[in-house]
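All remarks here apply to the structure that follows.
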Amino acid sequence: MADAAGEKPLLERLASDKRTLVIQAIVQLAKTAVTNDALKALQQIADGTDRELSFFAAQAVSRIRARRGDSGPAEAAPSAASANVAESSDAAITRDRLLSPRTEEISCLLTRIRAAPESLPEELRPSAAAFLGRYGRPEDAPLLTAWLDNPQSGLIVPVIEAIETLAPHALTAHFPSLLASDHPIVRMRAITALRRIDPEEAEAHLFELLASRRVEERLAGASSAFLFPFPKVKEYLLAILTDEQDPEILHACETLLASNPEIDTALRLLDLIDTVPKPQAARLSAIFKTVCTSIAAAGLLEPREPAHECLIKMWRRERLRKFLADLEIQISVAPAGRREAIEEWLTKNLQTPEVAAFIEKLAQNPATEDIHRRLAAFLPGKPVVAPSRESDPPRNRPEPEKLRLLGQLDRNGWDQHAAWVREEARFGSSAVRAAALQAMASLSTEGEDLPLAESALQQDEPDVQLAAFKLLEARAPERILPRLSELLASSAPKLRGRAIRFALKRDEKAAIQGIDWMLRSQDRSLRAQAVSCLFLFPFERIASLLLRTLETEDHPAIARQLIVILLSNPSKEILEKLDHIQSNASAGVSMLIAQGRMDLFDILLKLGIDVHQEPGPEAAAPARQASIAGMKPAPAHSTPVAAVTAPPAAKPYSVAEVRQAIRNREAGVKPPLKSAPQVAAAPSKVSQIPFTAIFAGVIIALAFLPILIMRGTPAAPSSDEPRLSGRSRSQDERRAEEQVDRLTGIPNSFRMGRPCRLTGVVKSVIDKKTFVFDADGKAFRCSSSGALPMLLEGEALTVEMLPYRNLPSGMIAADVSAATPVK
Amino acid sequence: MPYLGGGNRMTNSSECRMHRDGSWLIVTPAGYLNDQAGAKLNILLGSANFDGIRVVLFDFGETLLVNSQGIACLLDNCDALVDTRNLKVAFCRMPALVKEAFSLVGLLELVSAFGTEQEARSALGHG
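Spelled out as structure tokens, the structure:
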């Protein structure tokens, strides 16, 4: 039972402008309040004109009085009342009598309500429902279901509660309208009731509520999340914490996470804190501290030092490498705010050897090299560059001076420095060569530059290639063609973007093939690069590619980019297809897809597009298998609807059905008749391509084919193989393994997808950074991003590695972080 | 709805306006910047007189959405303005989704992005 201090925040919440919060506070006070202040505040609301709040407050007052043993208004004269039951049976039925009935009048009230339920005034129904919930029988359920006529009013909550108590299955027919209610409290209560008869579907509805764009719905979801299995709920809470700013929702998440203290939760909060913008990081830090306190209280850590310090050390020891690998993807696709936060974190942690090595690695990725450029100068052990002298000839000046000069070069400057510029274009550093070629592209007209640009296009330096591309595109585009397929698959976004735009004008099919190959890659950074180029393609040509990728994508940052493209090209057909997408890859992605659906629907509404859809058999069938994430399984898009023989009846309360009901309501459309199902064949847009264009396309594609095949059969298959559509291991399994990690450090036995330390023999050395290693009866294709000690075939080694994939050759691809010869 | 500026239902229409202010050319695409609006933008910029212009500012304050064709059109125009005409190109007042899309496609690396026109003028110099 709460004391006065515990009541204070609840009483403060009574003044909130969030209705969900006010009702929750009233319900909470009903359970715990004891003071006169609480009674007074609740009585004021009970006497107010808001029927909904008035009922809940009156109910709370009666409960508190009963708990305190006070005499309520209906019990003002218990002795007189007990002396004359007959009199009380004729007395008017009032709210107070129903909420706080005297023992002797219960049966009389039951008889009167059952005899003529329709004669009960509408305003008394909630109280009567509460009364029947306490004293009624399952046979009263039909009487109560007749009062579920207005799902948009919170006053049916006690009716739902009563039916749930007496006969939960009686709600089945009413769940669709209750779950589609515009009132978060009604929706929340319906989900809670659904839990009794279909827990899986209830979870799906809960997660849909948590993904909502409406604060009160998320708040309702967070409040009822307590009733669901924590491991699943946790994934969704962590997913919404990335962006959530509402203090009440954050508080609800904090309470839930801290009530289920787990070290994994704290470590994953630390993952988030370092990648979100500063204000959000501050909010998450507060939650992290609360979770730490509860971890310490639960005795999950040794009490030698403060829990948060211990967890931060643990994070650095065990999660930093994995975090950094993920950070590279985040940098590639993150919006500006998040990128700044990441850069700031990297700056703060420059002195950490792993971070310093990571920053060096960023130079190799064109999408991240700008961050490397900004931070490299601050790396430990970097020499200070000597200042330049004005009198020095350009070729003797330091690189920044050369770059400045090349950037400022005008026609007069060109005449003076042309020879030097060409020299730099051949022999300068990567940045200087790029700047020199750029200057040549805009200032030179001489033919002798073209072979130089062609040669630069073949270099493995994206900036140089880009500058050469621009030069050739402007002056001799035909010279780009032999290299085009290779450029389309380039890992440098700017170069690839340019190549895509060029290719789209000449050979759209080859361009799409190139991007398709990248999107199928197992390598997340390659997928991230591909996604950034998708926008440049005609949307109708890549829509199915995009949806397919979204379905299997497991990285939320990449999934978000895919969704941004879908949202920017809104149509009813895309919304329908998005409805069929089911992601089992990660809770974060599922959450993003659910939000994407809602956003797309809103955009279509704002564009004035008719979004009414009648649920047909093809919508109903997948709904039957609704996952925990509430997504409909994606049917094979190529399977004609007619081919689906006798689909079993869908659950009327499935997420898909309810989602459509909500949409139809929001679009101001009456719900369709269930008896008139339609086969909603999605209109397929078949573009009319002239024969000559097809013929030209075939010829160009044949010309590109050998190069495409070469690109499609990479020497290092570790990163380029098509991903499997299914996930062999569940998230829970992986989490369980992570917990083992934290308790034991890096284990000495092989585990896929987790760091391990194995001792074995070098079977063969492929190059400076790659070797084949035999250990534990398995062959590993090991690659390292940094330098390895000189290795010899047959040499015994202890290797710290992250095995991450089974290769078709039977070997296991592994990322090596350390290799030590065994003496 | 966090992404679209106005709360009212809009139509699928779009328009594009342009005005000159000293050495600044202010372009205001309004509504849904798709292929049709992109074509209008091409015509508008194709007919513009760039004499004395130093900065081209795209004000997206009235833009609700930019689709793939709209982005392709913007990229082409920005490339031409930066590479061919040596002009500074700036964007301001981008709605959240539009900014996210521009960021994804790398368009923001090509131009300077600002919250408002005033911020752009403070940073790039009044004109």
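Those sequence lines, one after another, are chains A and B.
Per the working numbering, the first sequence starts with residue 47, numbered consecutively.
Per the working numbering, the second sequence starts with residue 2, numbered consecutively.
All C-beta atoms, glycine included, are put in the ideal place defined by N, C-alpha and C.
The model shown is predicted, which means the values in this text are computed figures rather than measured ones.
How would you label residue i, buried or exposed, when you count the other beta carbons within 10 angstroms and need 16 or more for buried?
i	result
A:Ala665	With a pLDDT of 41 at A:Ala665, under the threshold of 50, the modelled position of this residue cannot be trusted, and the question is left open.
A:Leu60	buried
A:Asp195	exposed
A:Phe473	exposed
B:Asn87	exposed
A:Glu254	buried
B:Glu101	buried
A:Arg457	exposed
A:Thr598	buried
A:Ala257	buried
A:Glu703	buried
A:Leu518	buried
A:Lys280	buried
B:Gly116	exposed
A:Val868	exposed
B:Arg18	exposed
A:Ala138	exposed
A:Asn82	exposed
Span of the beta strand (DSSP E) holding residue i?
i	result
A:Ala655	Checking the sequence shown, residue 655 of chain A turns out to be Ile, not Ala. No beta strand (DSSP E) holds A:Ile655; DSSP gives it neither H nor E.
B:Ser1	In the structure displayed, chain B extends from 2 to 128; residue 1 of chain B sits before or after that span and is not available.
B:Val67	64-67
A:Lys824	824-829
My output table needs one value for residue i: the three-state DSSP class, helix, strand or coil.
i	result
A:Lys815	coil
B:Leu34	strand
A:Asn852	strand
A:Ala860	strand
A:Gly642	helix
A:Ser567	strand
A:Ser810	strand
A:Ser700	coil
A:Pro245	helix
B:Gly126	coil
A:Arg773	Bear in mind that the predicted position of A:Arg773 carries a pLDDT of just 36, short of 50, making it too unreliable to give a figure here.
A:Glu447	helix
A:Arg479	helix
A:Gly345	coil
A:Pro528	helix
Going by DSSP, name the residue or residues bridged to residue i.
i	result
B:Lys89	B:Val56
B:His20	B:Ile27
A:Pro867	A:Leu843
A:Thr321	Paired residue(s): none; A:Thr321 is not in a bridge.
B:Arg15	One point to set straight first is that residue 15 of chain B is Ser, not Arg, in the sequence displayed. For B:Ser15, which the question treats as bridged, DSSP gives the partners B:Gly32.
A:Thr805	A:Thr844
B:Ala81	Per DSSP, none; premise fails for B:Ala81.
A:Asp820	A:Val807, A:Ala825
With residue i as the anchor, note down where its alpha helix (DSSP H) starts and where it stops.
i	result
A:Glu599	Premise fails: A:Glu599 is in no alpha helix (DSSP H) and is neither H nor E.
A:Lys368	366-379
A:Ile100	Reading off the sequence shown, one finds Ser at residue 100 of chain A, where the question assumed Ile. Residues 97-114.
A:Met836	From DSSP, A:Met836 is part of no alpha helix (DSSP H); its letter is neither H nor E.
A:Gly459	457-473
B:Phe103	97-106
A:Asp509	508-521
A:Leu503	495-503
A:Val401	399-408
A:Val73	65-78
A:Glu210	203-212
A:Arg158	152-161
Check: Which runs of the beta strand (DSSP E) fall wholly inside the region 166-193 of chain A and span at least 3 residues, in chain order?
Finding: none
Notebook entry, point to check: At what residue ranges does the region 249-297 of chain A contain a whole run of the alpha helix (DSSP H), taking only runs of 4 or more?
Noted result: Fully enclosed alpha helix (DSSP H) runs of 4 or longer: 261-270, 276-287.
Check: Could you give the uninterrupted runs of the alpha helix (DSSP H) lying entirely in the region 549-593 of chain A, keeping only those of 4 residues or more?
Finding: 554-565, 570-580
Note to self: Just to confirm the assignment: which complete alpha helix (DSSP H) runs, minimum length 4, are found wholly within the region 603-632 of chain A?
What the structure shows: 618-625
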